[in-house]
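All remarks here apply to the structure that follows.
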Amino acid sequence: MSPKLQLNLPSAVQALVWPGLAVVITLILLTFSVVDIEPGQVAVRINNATGSEDAVTTPGWTMRIPFVHALYVLDAAPQTFSMKGDDDENDLLVRQLTVRASDGSNFHFDDTTVIFQLKGDEAIAAIRDAGPGHGFKAWLRHYVRSILRDEFGRESTIAVSDPTTYAQATTRAKDRLNEVLGAHGILVTQLVTPRPQFSEAYESAIEERNRLGNELQVIKSNLDRAETERERRIAEVDQAQNHVIQERRAALESDLARSVAELSEAKRTADTYRIGKIAEGQALLSASQMSAEQLKGELDAKYAARKAEIDAFRTQPVERVMQKLGERLHDVTINILPYADDAAPSRVRYEDARAK
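Numbering (my numbering) for the sequence shown: 99 to 454.
Okay, structure coming up:
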């Protein structure tokens, strides 16, 4: 090998080493600059130079500048926090919940489950309050036990055994958990609490109470059904009676209309008869008045003639009077018997011989 070739070999190797080293460094930088965010995960990217923070909630590759950016990946998938058993095993599995009721009695829940997840858009608060990793899960251990004790402890053992009151306490506890845990970027989606457990004697009393409550509901249901049946029968009777009443009312209205028509006809007939009788009476009255006036005139004339005759008769002699008296008595037979004791009678007595 010539000396010239020996001198050129190191230069060729050196020329290949530096580009290869640059490629290796670039690959290393790319490896540390790209982070894959999987579904159900969120990331918090912190700029170490400026101190700015931003949350990455979209799955996929996320870029960062090594030594400039710090990237923390958090689990944002739904998770379960359980309270069961007698010992604490980890942050998400602790001992069962025991509650002291407002009346002083104790009861417990065998298995209480809280389903929660990290709110992606508030992952910065989770990192700031609990640090990177799974530190945000530690908030549930104390908040859940404390709030559930408060909300269920407000009720008495009798009230908490009532499903309605029990559901209301569960809703209040969930709302309070979201209020306090929401400040740390945690959302409680579901709170599952089983039926509270009491002592055997109290459980028997609750079962007896529930049995009596069921019987009461059956009695109320029967009463409601009886009331419905009663109203139905009353409605049927009312309907039937209303039909009878309507028929009777129609008949009475028809009779009333007929009576009114007959009354009107009777009034019209009576008025016609009255008018006719009045007219007839007025006509008879007028005729009677005319006859009376005519008769009065005739009587007045006769009276005047007779009066004149009487007046004229007064002035006539006795012979004329006797003549007239004879004319009047021409059909009368008069027997005159003289009295023996009176030769010259001055009085004559008349006796009707036909009556004898």
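Even glycine gets a Cβ: it sits at the ideal position worked out from N, Cα and C. In this text the structure is predicted, and so the values were computed from the model without any measurement.
Selection from the options that minimises the alpha carbon distance to residue i
i, options, result
"R307", "A410, I256, Y371 and I408", "I256"
"D152", "M181, I222 and G183", "I222"
"H282", "G218, E325 and A265", "G218"
"L275", "V212, A348 and N340", "V212"
"A175", "S203, A333 and G138", "G138"
"L195", "T291, S254 and F214", "T291"
"R293", "S302, H240, T269 and S259", "S259"
"D248", "A267, F234 and R404", "A267"
"L191", "D173, D227, H206 and K235", "K235"
"G183", "G202, R198, H206 and Q177", "H206"
"L216", "G202, T160, G231 and H240", "G231"
"V197", "M181, G251 and A228", "G251"
"H240", "L279, D227 and M420", "L279"
"S244", "L427, M181 and S384", "M181"
"F214", "E220, D189, G202 and Q177", "Q177"
Straight-line Cα distance separating residue j from residue i
i, j, result
"I225", "A141", "10 Å"
"D185", "E313", "41 Å"
"S319", "E327", "12 Å"
"A381", "E391", "15 Å"
"K272", "A168", "34 Å"
"R323", "N340", "25 Å"
"D353", "S389", "51 Å"
"T287", "F179", "12 Å"
"V242", "E298", "27 Å"
"Q295", "T210", "12 Å"
"A338", "E325", "20 Å"
"L361", "A368", "10 Å"
"L289", "S200", "22 Å"
"G92", "P261", "Not covered by the structure: residue 92. The range shown for the chain is 99 to 454."
"E417", "K394", "34 Å"
"L321", "R309", "18 Å"
"G374", "R347", "39 Å"
"L246", "Y170", "32 Å"
"V264", "L238", "It is Tyr, not Val, that sits at residue 264 in the sequence shown. If you take the alpha carbons of Y264 and L238, they lie about 21 Å apart."
"K422", "A402", "19 Å"
"E253", "D208", "19 Å"
"E277", "I284", "10 Å"
"K102", "I135", "Since pLDDT at K102 reaches only 43, below the 50 mark, its modelled position is unreliable, and the value read off the structure follows with that caveat. Cα-Cα distance, rounded: 56 Å."
"Q315", "R330", "22 Å"
"D173", "R270", "27 Å"
"Q387", "D398", "16 Å"
"R366", "I343", "33 Å"
"R372", "E334", "55 Å"
"A303", "E187", "35 Å"
"R193", "I144", "37 Å"
"T160", "A228", "23 Å"
"G379", "A385", "9 Å"
"M420", "R412", "12 Å"
Per DSSP, cross-strand counterpart(s) of residue i
i, result
"K182", "D209"
"N188", "L191"
"L216", "I284"
"I144", "E151 and A168"
"N308", "DSSP lists no partner for N308."
"D173", "Q139"
"N204", "R198"
"Q344", "According to DSSP, Q344 bridges with nothing at all."
"Q295", "H206"
Segment limits, alpha helix (DSSP H) that includes residue i
i, result
"A221", "A221 to A228"
Boundaries of the beta strand (DSSP E) in which residue i is found, first to last residue
i, result
"E151", "E151 to V154"
Residue i CB to nearest heavy atom of the ligand HEM below 7 Å
i, result
"D173", "You won't find the ligand HEM in this model; it holds no ligand whatsoever."
(message) As an exercise, report each continuous alpha helix (DSSP H) stretch of at least 4 residues that is fully enclosed by the stretch 252-293, in chain order.
(response) Runs of the alpha helix (DSSP H) inside the stretch 252-293: 255-258 and 261-279.
(request) Could you pull out every unbroken alpha helix (DSSP H) segment of at least 4 residues lying fully inside the stretch 353-429, listed in chain order? (result) If we require 4 residues or more, the alpha helix (DSSP H) runs fully inside the stretch 353-429 come out as 416-426.
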